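Heads up, the sequence shown is in the working numbering, so the first residue is 19 and it goes up one at a time.
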Amino acid sequence: MPRENLDVNDWWMCDHGRYGWRHLYADSRQVTAQTTEGSVLPAEASKALQQTLESSSSTGFLVDPFMTCEELHLVKQLADSMTGSRVAGWLPADGTEESFPGGFTISAAKYPNRKGVEEIFGADVFGSAASTLLNDITSGSVDTVVAFVGGHGFDGAGAEWNAALSSAKNRVVFTTQQGAWSEGAHLVLPATAPLEKEGVWINEDNRAQRVRSCRSLTDQNFPSELVILQEVQAHMELRSRSLSAAGVFRELSESSSAFEGHSHSSLGDHGTPLSQKPAAVGSEGGES
C-alpha cells in the first residue's frame, strides 16, 4: 500500500494511485478458477496446472510487469525444469510523463516491475524473446501457453497478444479481469491485482522496494500466484514446502547475482538500490 517514502515519491501520491482501485471491484473481475467444464476449487486448479505442464511437449510462459520478483522467480524455476520451455513478457502501453517543480516526476510507464522481469529473465524478455514467442504461438509451434495477464486495466495484454493467446492450442491464463484472452482457455485462474501483491518490485531507478497488500488475505476468495505456483512445484516434486514471500525472495537472492545479499529485512520499509549490497548478517534471525 502507499506509504511515506521521501527517497521515492516525496509527499506525493499521484491521481493514478489515488483513484486506480476500481478494477478490484469490477463486475468483470475473475474471482474463481475455471476449466472448460466449469469452476474448480483451488486445490483442483493447481493439480490441473501441474498436469497440463507435465503433458505439454513445449511450453511458453508469458509474464507481465505487474508480477513481483518472487512470482517471477517461481515461474523461472518452473520454466527451467521443463525441456524446451521459453519465457517472454508483455508490456501495456505507456502513458504520459509528468514533471513538476522540484524534480518530482510521474513516469510514463504505468507498470511497476519491468526492471525486475529483466533482471530475472534477461534484457530481451520484452524484445526479441517476446517477438519469438508471439510468432511461435500464432504459428502453432508451442503446445501450451501459460499467460499472466494482471494489472489494473481491462484490455488484457493488448490486441496483438490477446489475439495470439486466443489462438493458442492449450491455454492457461492468470488474469485479473475476464476477457477474450481468457475465454475458452483450458484453465483460467484469478490473478492478484497490483494493490494486492506481497513481495518486491524494482522501479525505473533500479530501486528494490517491498510492496504489501492493501487487502486482508481473508478478503480474497482465491489463493495468490505465490501460493498456487508453489503448490504446482510441490506436485511436480520441485519443492518440499511452501514459503512466504520473504522465503521465496531469499531463494532468489541465493540464485541470482543481481539480488545477492538482499532480503525483505534489508530492504526495510523504504527499499534500497539493487546495486547497493547490504552488510552481511549472521544466520540467526533469518526469514522463512
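Even for Gly, the Cβ is constructed at its ideal location relative to N, Cα and C.
Bear in mind the structure is a predicted one, so any value in this text is a computation, not a measurement.
Local Cβ density within 10 Å of residue i, reported as buried at 16 or more and exposed below that
i	result
Lys295	exposed
Phe79	buried
Val164	buried
Gly169	buried
Asp82	buried
Asn221	buried
Arg313	Not covered by the structure: residue 313. The range shown for the chain is 19 to 306.
Val167	buried
Asn9	Because the chain here runs from 19 to 306, residue 9 falls outside it and cannot be looked at.
Thr77	buried
Ala186	buried
Thr236	In this prediction, Thr236 has a pLDDT of 49, which is less than 50 and means its spatial position is unreliable; what the coordinates show is noted afterwards. Thr236 is exposed by the Cβ-count criterion.
Glu137	buried
Val49	exposed
Candidates the options: closest to residue i by CA position
i	options	result
Leu244	Glu278, Val143, Pro60	Pro60
Ser275	Leu213, Thr193, Phe139, Pro208	Phe139
Gly174	Thr162, Ala147, Ala209	Ala209
Thr86	Leu207, Glu272, Gly102, Ser242	Ser242
Ala252	Ser64, Ser57, Leu292	Ser64
Arg257	Gly265, Gln248, Thr54	Gln248
Ile155	Phe277, Arg104, Glu137, His282	Arg104
Phe84	Arg230, Ser57, Ser185, Pro130	Pro130
Glu267	Ser200, Gly102, Gln95, Ala181	Note that residue 267 is Phe in the sequence shown here, rather than Glu. Closest option to Phe267, Cα to Cα, is Gln95.
Arg40	Gly202, Glu214, Ser283	Glu214
Leu90	Ser57, Glu216, Gly56, Gln68	Glu216
Ala51	Glu136, Ser200, Ile124, Asp287	Ser200
His204	Gly279, Glu55, Arg47	Glu55
Gln196	Ala186, Ala211, Phe172, Ser184	Phe172
Ala148	Trp108, Ser57, Val218, Leu183	Trp108
Pro212	Val206, Ala198, Thr194, Arg225	Thr194
Asp287	Asn239, Asn153, Ser260, Arg230	Arg230
Ser262	Glu278, His282, Glu272	His282
Glu116	Pro110, Lys128, Ala106	Lys128
Gly113	Ile124, Gly176, Asn239	Ile124
Gly38	Leu151, Cys232, Asp98	Cys232
Thr290	Ser73, Ser75, Asn224	Asn224
Glu269	Ala182, Asp98, Pro110, Leu92	Leu92
Asp98	Leu71, Ser157, Ala264	Leu71
Coil, strand or helix - residue i by DSSP
i	result
Trp179	helix
Thr162	strand
Thr150	helix
Gly145	coil
Gln251	helix
Thr54	coil
Val135	helix
Glu116	strand
Arg259	coil
Arg233	coil
Ala61	helix
Ser274	coil
Ser157	helix
Ser200	coil
Ser281	coil
Beta-bridge pairing of residue i - partner residues as DSSP gives them
i	result
Thr193	Val167, Pro208
Pro291	Arg225
Arg268	Paired residues: none, contrary to the question.
Val245	Note: Val245 sits in no beta bridge, so no partner.
Ala106	Leu80
Val218	Arg228
Ile124	Glu116
Arg47	Gln195
Asn188	Thr162
Closer than 8 Å to chain C by CB, residue i
i	result
Thr53	Any reference to chain C falls outside this structure, which holds one protein chain only.
(request) Could you tell me which uninterrupted beta strand (DSSP E) segments, each at least 3 residues in length, are contained entirely in the stretch 63–104, listed from first to last along the chain? (result) For the stretch 63–104, whole beta strand (DSSP E) runs of length 3 or above, ordered along the chain, are 77–81.
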